[in-house]
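**Student:** My questions will all concern the structure given below.
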Amino acid sequence: MGAHHRSAGHCAVRAIEPASFEALDHALRRFPGHRLFTVLAIDPSLAASRRLYTSDPVAYPCGGTKPLHHDNDFFREVVQGGRARICADQEDCRRAFPDHALIDALGCRSAINVPIRHDGCTLGSLNLLHEEHWYQPDMVPALMRFAEQAAPLLLSLRYVEMPA
């Protein structure tokens, strides 16, 4: 892991427990490590996910939204299936993310999206990005435990509702 870390914990939208998101960010920097970390919450009223936390507010400001497309791997694996999804390399990221050029410019060439779930429903995701081949399947169980810690934070936000 590199020694350079951007300032973490900046958020332009209301978050009930920003210190808790920041604590999660710092813990995830130690294991498994990341160059970019975001928390997305599903916003059913917009059929989109909304960025609640970011480690890089310049490139990925809080409040940004991404449409939820029911026909892509993120929706099928993370939202519906409740499983973590790994993009192992630059090509996987290029296929998965419309904003892959920005991701690549940040030096991020692998990603893992970890579902945040409550009562069998996906509320959002932890999204970690790093150098190529950084994330491995054996990291998933620990990351799922981190995601469990984020569920109460998402539930405490006014616009997060349980998906139907």
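Going by the working numbering, the letters in the sequence shown line up with residues -7 to 156, in that order.
Glycine included, each C-beta is placed from N, C-alpha and C at the ideal position.
By how many angstroms is the C-alpha of E83 removed from the C-alpha of G116?
**Tutor:** Looking up residue 116 in the sequence shown gives position 124. Looking up residue 83 in the sequence shown gives position 91. Near 24 Å, if we compare the C-alpha coordinates of E83 and G116.
**Student:** From P107, V70, W126, M131, pick the residue whose C-alpha is nearest to that of R27; which is it?
**Tutor:** Within the sequence shown, residue 27 is the residue found at index 35, counting from 1. Checking every option, the nearest Cα to that of R27 belongs to W126.
**Student:** Does the separation of the CB atoms of P107 and R75 fall below 9 Å?
**Tutor:** In the sequence shown, the residue the question calls residue 107 occupies position 115. In the sequence shown, the residue the question calls residue 75 occupies position 83. Cβ distance < 9 Å, so P107 and R75 count as in contact.
**Student:** Taking Cβ positions only, does L16 come closer than 9 Å to chain D?
**Tutor:** The question asks about chain D, but that chain is absent: this structure has only one protein chain.
**Student:** If we count the other Cβ atoms within 10 Å of its Cβ and call it buried at 16 or more, is L44 buried or exposed?
**Tutor:** For this step, residue 44 is matched to residue 52 along the sequence shown. Buried, since its Cβ has 16 or more Cβ neighbours within 10 Å.
**Student:** Give the C-beta separation of V71 and I34 to the nearest angstrom, bearing in mind that I take them to be a contact with Cβ-Cβ under 8 Å.
**Tutor:** The residue given as residue 71 occupies position 79 in the sequence shown. The residue given as residue 34 occupies position 42 in the sequence shown. That pair is a contact at about 7 Å.
**Student:** Quick check on the DSSP output: what are the complete beta strand (DSSP E) runs of length 3 or more inside the segment 2 to 63, in order along the chain?
**Tutor:** Runs found: 28 to 35, 40 to 46, 57 to 59.
**Student:** Compare the beta carbon distance of T57 and R42 with 9 Å and say whether it is the shorter of the two.
**Tutor:** Here residue 57 corresponds to residue number 65 of the sequence shown, with the count starting at 1. Here residue 42 corresponds to residue number 50 of the sequence shown, with the count starting at 1. Contact flag set, yes.
**Student:** Starting from H110, follow the beta strand (DSSP E) in both directions and report where the run begins and ends.
**Tutor:** Taking the first residue of the sequence shown as position 1, residue 110 is located at position 118. First-last of the beta strand (DSSP E) with H110: 102 to 110.
**Student:** Can you name the residues that DSSP bridges to H122?
**Tutor:** Counting from one through the sequence shown, the residue named residue 122 turns up at place 130. The partner list for H122 (beta bridge, DSSP) reads S102.
**Student:** If you follow the alpha helix (DSSP H) that R137 is part of, which residue opens it and which one closes it?
**Tutor:** Here residue 137 is taken as the residue at index 145 of the sequence shown, counted from 1. Per DSSP, R137 belongs to the alpha helix (DSSP H) from 132 to 147.
**Student:** Can you name the start and end residues of the alpha helix (DSSP H) that R77 belongs to?
**Tutor:** To locate residue 77, count along the sequence shown from 1; it is residue 85. R77 -> not in any alpha helix (DSSP H); beta strand (DSSP E) instead, spanning 77 to 79.
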